[in-house]
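Presented below is the structure to which this report refers.
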Amino acid sequence: MSRENKLWFWLIGLIVCCLLLYFLRGMLLPFVAGMAVAYLLDPLARRLERLGLSRVFATVIITLSFFLCVVLLIGIVGPLVEDQLIGFGHRVPNYVHQLINRGEPVWRAAKSYLSTKDIEQLRTAGGEYAGTLATWAAGMFSRLLTGSLVVVNLLSLIFITPVVTFYLLRDWHGVTQRFDSWLPRAHAETIRQQLHEIDTILAGFVRGQALVCLSLGAFYALGLTVVGLDLGLVVGFAAGLGSFIPYLGTISGFLVGTGLAIAQSQDWTLAAMVAGVFVVGNLMEGNILAPKLVGEKIGLHPVWVIFALLAGGTLFGFLGILLALPVAAVIGVLTRFGLRRYLDSSLYSGETDEGTTP
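The opening residue of the sequence shown carries number 149 in the working numbering; numbering runs sequentially from there.
Here it is, written out as structure tokens:
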């Protein structure tokens, strides 16, 4: 097979795989989730193996412990979140009334400096931006819950994901060794180097950032609840989990938390305490959690992470969000590899094979 035919063969194969992923995206969620959980838990399984446990026994212990913790967490946190949401719903009219009373002096002061035409333009622009934002949010939410089989997907996550996790975690070494045996021998070492770099990035970012998000979520939820913010548990966990997208969780949590504090309290004390919780959390993330758990350099720029997550959510819904970072890591590693090859090539240097410039 000629070089050109090989290129077309791999290109067509890649296109076919992408099309299969796209058309089967509705059923892939439990398998991708199981693969992600198995990848996250594999280091723990290897550690138990080094302590003398068999791979099967280590897999059973880890899988049962992990999903038992998930069930317990949902069972403990779920009712608390439900109570906070119900209480928040009952207090919404009071919050709206409080915000109107606080905003009325500001509005009166602004009207004294604005003409009638300016006020109408502000109202029109505000309505347009609000409508655009609501449309975008509704569209994104509907894409995250893609398809009419949401209940089926949820049930498959509950029942299929643990099974997939167990088998993949048990056979992880065998799967990786089998894949290694399929590599073309002439390029096997180069491919292994790229796969090792991808694994380093994913281990540093996905595993590390997941621990950062959980730690921040627990800290924000506890801190906001202690200072007395209504819906503090929900806002705190959401802010922590949202930190997977750089800056999004902290900024959105800060804005929502301080807004709720202003609506809830008659003075600015609660808002200041809420702001203090987020300031401490941000300092803790930047100086302690991220350097220890993620590392100083992981090769994924925040803008690239945001783009990958939004693109994945737009194309494949929640499944796309799960796949976004691994795909982004692969693309980033391959791009850097291609760039290094280009910079070392005669095409870049302008030299011929004899070492002279044409």
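Note that CB positions come from ideal geometry on N, CA and C, so glycine has one too.
Between the beta-carbon of residue 205 and that of residue 185 there is about 18 Å, and that puts the pair past the 8 Å contact cut. The C-alpha of residue 309 lies about 6 Å from the C-alpha of residue 179. Here residue 494 carries a helix assignment [DSSP, helix/strand/coil]. Cβ neighbours of residue 419 within its own chain (closer than 8 Å, five residues either side excluded): 406, 409, 410 and 413. Shown here, residue 416 sits in coil according to DSSP, grouped into three states, outside any helix or strand. Comparing C-alpha distances from residue 470 to each of 168, 158, 166 and 182 shows the shortest one belongs to 182. When secondary structure is reduced to three states using DSSP, residue 261 falls in the coil class, being assigned neither helix nor strand.
The alpha-carbon of residue 451 is positioned some 42 Å away from that of residue 201. For the pair of segments examined, the stretch 356-371 was found to touch the stretch 380-388: the number of CB pairs separated by less than 8 Å reaches three. Relative to residue 421, the option among 402, 160 and 435 whose CA is nearest is 402. In this structure the stretch 186-195 touches the stretch 315-334; the number of beta carbon pairs closer than 8 Å is three or more. In the structure shown, the three-state DSSP call for residue 319 is coil. In this structure, 400 is the residue among 468, 303, 415 and 400 with its C-alpha nearest to the C-alpha of residue 430.
The distance from the Cβ of residue 453 to that of residue 476 is about 7 Å, consistent with a contact at the 8 Å cut-off. Between residue 480 and residue 468, the CB-CB gap reaches or exceeds 8 Å. When only Cα atoms are considered, residue 348 and residue 355 end up about 10 Å apart.
By the Cβ neighbour-count rule, residue 266 is exposed, with fewer than 16 other Cβ atoms within 10 Å of its own. About 6 Å separates the CB atoms of residue 381 and residue 232; that is less than 8 Å, so the two are in contact.
Buried is the label assigned to residue 369, since at least 16 other Cβ atoms lie within 10 Å of its Cβ.
Counting other Cβ atoms within 10 Å of its Cβ, residue 280 stays below 16 and is therefore classed as exposed. The continuous alpha helix (DSSP H) containing residue 183 extends over residues 177-198.
In this structure, the straight-line span from the alpha carbon of residue 273 to that of residue 256 is close to 19 Å. Nearest Cα to residue 438 within the set 360, 424 and 261: 360.
Contact check for residue 378 against residue 236 passes: the beta carbons are separated by less than 8 Å.
Counting only residues of its own chain and dropping the five nearest sequence neighbours on each side, residue 210 has a CB closer than 8 Å to the CB of 189, 192, 193, 196 and 317.
Counting only the Cα atoms, residue 424 lies some 38 Å from residue 345. Spatial neighbours of residue 333 in its own chain (CB-CB distance under 8 Å, excluding positions within 5 residues in sequence) are not present. Minimum Cα-Cα distance from residue 440 among the listed residues 357, 427 and 395 corresponds to 357.
With contacts defined by Cβ atoms closer than 8 Å, residue 221 and residue 304 do not form a contacting pair. The C-alpha of residue 491 lies about 12 Å from the C-alpha of residue 483.
For residue 207, the closest C-alpha among the options 311, 155 and 164 is that of 311.
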